[in-house]
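What follows is a short report on a single structure.
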Amino acid sequence: MRKADIGVIGGSGLYAMPGLEGIEQVALETPWGAPSDSYVVGTLAGQRVAFLPRHGVGHRLTPSEVPSRANLHGFKQLGVRFLIAVSAVGSLREDYAPGQLVVPDQLFDRTKGIRPASFFGEGIVAHVPFDHPFDPTLSDLLHQAASASGAAVHRGGTYVCMEGPQFSTLAESQENRRAGFDLVGMTALPEAKLAREAEIAYAMLAMVTDYDCWHPNHASVTVELVMQVMHKNVAAAQATIGQLIPLIGAGFASPAHHALAGAVMTSPDVIPAEKRAQLALLMEKYP
Numbered sequence: 109m110r111k112a113d114i115g116v117i118g119g120s121g122l123y124a125m126p127g128l129e130g131i132e133q134v135a136l137e138t139p140w141g142a143p144s145d146s147y148v149v150g151t152l153a154g155q156r157v158a159f160l161p162r163h164g165v166g167h168r169l170t171p172s173e174v175p176s177r178a179n180l181h182g183f184k185q186l187g188v189r190f191l192i193a194v195s196a197v198g199s200l201r202e203d204y205a206p207g208q209l210v211v212p213d214q215l216f217d218r219t220k221g222i223r224p225a226s227f228f229g230e231g232i233v234a235h236v237p238f239d240h241p242f243d244p245t246l247s248d249l250l251h252q253a254a255s256a257s258g259a260a261v262h263r264g265g266t267y268v269c270m271e272g273p274q275f276s277t278l279a280e281s282q283e284n285r286r287a288g289f290d291l292v293g294m295t296a297l298p299e300a301k302l303a304r305e306a307e308i309a310y311a312m313l314a315m316v317t318d319y320d321c322w323h324p325n326h327a328s329v330t331v332e333l334v335m336q337v338m339h340k341n342v343a344a345a346q347a348t349i350g351q352l353i354p355l356i357g358a359g360f361a362s363p364a365h366h367a368l369a370g371a372v373m374t375s376p377d378v379i380p381a382e383k384r385a386q387l388a389l390l391m392e393k394y395p
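Its first residue numbered 109, the sequence shown is counted upward by one per residue in this note's numbering.
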């Protein structure tokens, strides 16, 4: 199995990209169980890239059921250092219109605590910095790539992550707007937190599919509406990724790549052996 430096997680159609060569399906097992599906690994613009359908092929998993710890650990097993998340979102502002792309810079967590959000616990405590959940340099390159592809793209905004799987109530949508949030979705967390703990630089390409339900002149969000816009946006996302890969090139130093340095508070002599084994890959730089 050949390694990959760059990962992409999103819809199952993303990896059907022009120019992706030497494709192999890689099924992995992790200490956290099986990932959402097999990874599709290939070469694009001279770089090894690993794709993973977040909800499984055929969209089998709800946002709350996505095995994010297994997904991120699998990317780590493949050697991924830079991860692009492609996600459908609702817009909470007039100028972020359906059909457009957004590269957000902040996150707000309104999930309900039912999704495992850390690799740590059960005998070992770690606290990683998370003030900037999306890597700024990778996000800038992603915005540059989207612009170069000809897409209508915005840079910046706060993504509020809800539990789902139901869409927002009108009261929730209005409250999210009053709070100053820009986008609403169901998949960025705990994915971004786990990427940080795995020391993987993480950025998001958000595809606006609707105005949630706050907009008085637009229909309330439905699966049919979301899918119509998403099908149109897949080509834009693929074009953006195609432009991005050469920009990353040999990579760059990200603060995320040493997020665990000094993060563990637990005395080494009291960490359970089984937990050490479970975290061996993540902690290999910190014996």
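Beta carbons are placed, not taken as given, at the ideal position from N, Cα and C, and that holds for glycine.
Since we're looking at a predicted model, the values are computed, not measured.
Collapsed DSSP secondary structure at residue 133 in the structure displayed: Locating residue 133 in the sequence shown gives position 25, counting from the first residue. Strand.
Rounded straight-line distance, which links the Cα of residue 229 to that of residue 376: Counting from 1 along the sequence shown, the entry for residue 376 is found at position 268. Counting from 1 along the sequence shown, the entry for residue 229 is found at position 121. In this structure, the straight-line span from the alpha carbon of residue 376 to that of residue 229 is close to 14 Å.
Neighbour-count burial assignment, residue 296, 16 or more Cβ in a 10 Å radius: Counted from its first residue, the sequence shown places residue 296 at position 188. Residue 296 is buried by the Cβ-count criterion.
Cβ pair residue 234, residue 378 closer than 7 Å: Here residue 234 refers to the residue found at position 126 when the sequence shown is read from its first residue. Here residue 378 refers to the residue found at position 270 when the sequence shown is read from its first residue. No.
Under the three-state DSSP convention, the category residue 127 falls into: In the sequence shown, residue 127 corresponds to position 19, counting from 1. Secondary structure at residue 127: coil, using DSSP grouped into helix, strand and coil.
Sequence ranges, beta strand (DSSP E) only - wholly within the segment 289-335, length at least 3: Taking only runs of at least 3 residues, the beta strand (DSSP E) segments lying wholly in the segment 289-335 are 291-293 and 309-318.
Supposed contact pair residue 243 and residue 311 - C-beta distance, whole angstroms, cut 8 Å: Taking the sequence shown and counting its residues from 1, one reaches residue 311 at position 203. Taking the sequence shown and counting its residues from 1, one reaches residue 243 at position 135. About 5 Å separates the beta carbon of residue 311 from that of residue 243, a gap short enough to meet the 8 Å contact definition.
Which of helix, strand or coil DSSP assigns to residue 138: Position 30 of the sequence shown holds residue 138. In the structure shown, the three-state DSSP call for residue 138 is strand.
Cβ neighbours of residue 365 in the same chain (closer than 6 Å, five flanking residues each side left out): Residue mapping note: residue 365 aligns to position 257 of the sequence shown, counting from 1. The answer, listed in chain order, is 307.
Host beta strand (DSSP E) of residue 196 (start-end): Against the sequence shown, residue 196 aligns to sequence position 88. Run containing residue 196: 190-199, per the beta strand (DSSP E) assignment.
Start and end residues, beta strand (DSSP E) containing residue 215: By one-based count along the sequence shown, residue 215 stands at place 107. Taken as a continuous stretch (DSSP letters only), the beta strand (DSSP E) holding residue 215 covers 214-218.
Residue 264 classed as buried or exposed, judged by whether at least 16 other C-beta atoms fall within 10 angstroms: In the sequence shown, counting from the first residue as 1, residue 264 sits at position 156. Classification for residue 264: exposed.
Cβ shell of residue 138 (< 6 Å), same chain only, five flanking positions each side left out: As a working note, residue 138 is residue 30 in the sequence shown. Around residue 138: 178, 181 and 182.
Same chain only: Cβ atoms within 8 Å of residue 220, ignoring 5 sequence neighbours per side: Against the sequence shown, residue 220 aligns to sequence position 112. Non-local C-beta neighbours of residue 220 in its own chain, meaning closer than 8 Å and more than five positions away in sequence, comprise 271, ordered along the chain.
Nearest to residue 95 (by Cα), restricted to the options 261, 218 and 223: Residue 95 lies beyond the range of the chain shown here (109 to 395); nothing can be said about it.
Option in 315, 134, 309 and 121 with minimal Cα separation from residue 237: On the sequence shown, position 129 is the one that residue 237 refers to. Taking only the C-alpha atoms, the option nearest residue 237 is 309.
Residue 181 - containing alpha helix (DSSP H), residue span: Mapped onto the sequence shown, residue 181 falls at position 73. Unbroken alpha helix (DSSP H) run through residue 181: 176-185.
Span separating the alpha-carbon of residue 396 from that of residue 251: Because the chain here runs from 109 to 395, residue 396 falls outside it and cannot be looked at.
Classification of residue 317 by the beta-carbon crowding that lies within 10 angstroms, buried from 16 upward: Taking the sequence shown and counting its residues from 1, the one referred to as residue 317 is at position 209. Residue 317 is buried by the Cβ-count criterion.
Runs of alpha helix (DSSP H) lying entirely within the segment 239-273, each at least 4 residues, in chain order: The qualifying runs are 244-256.
Status (buried if at least 16 other CB within 10 Å, exposed otherwise) for residue 348: The count along the sequence shown starts at 1 and reaches residue 348 at position 240. With 16 or more Cβ atoms within 10 Å of its Cβ, residue 348 is classed as buried.
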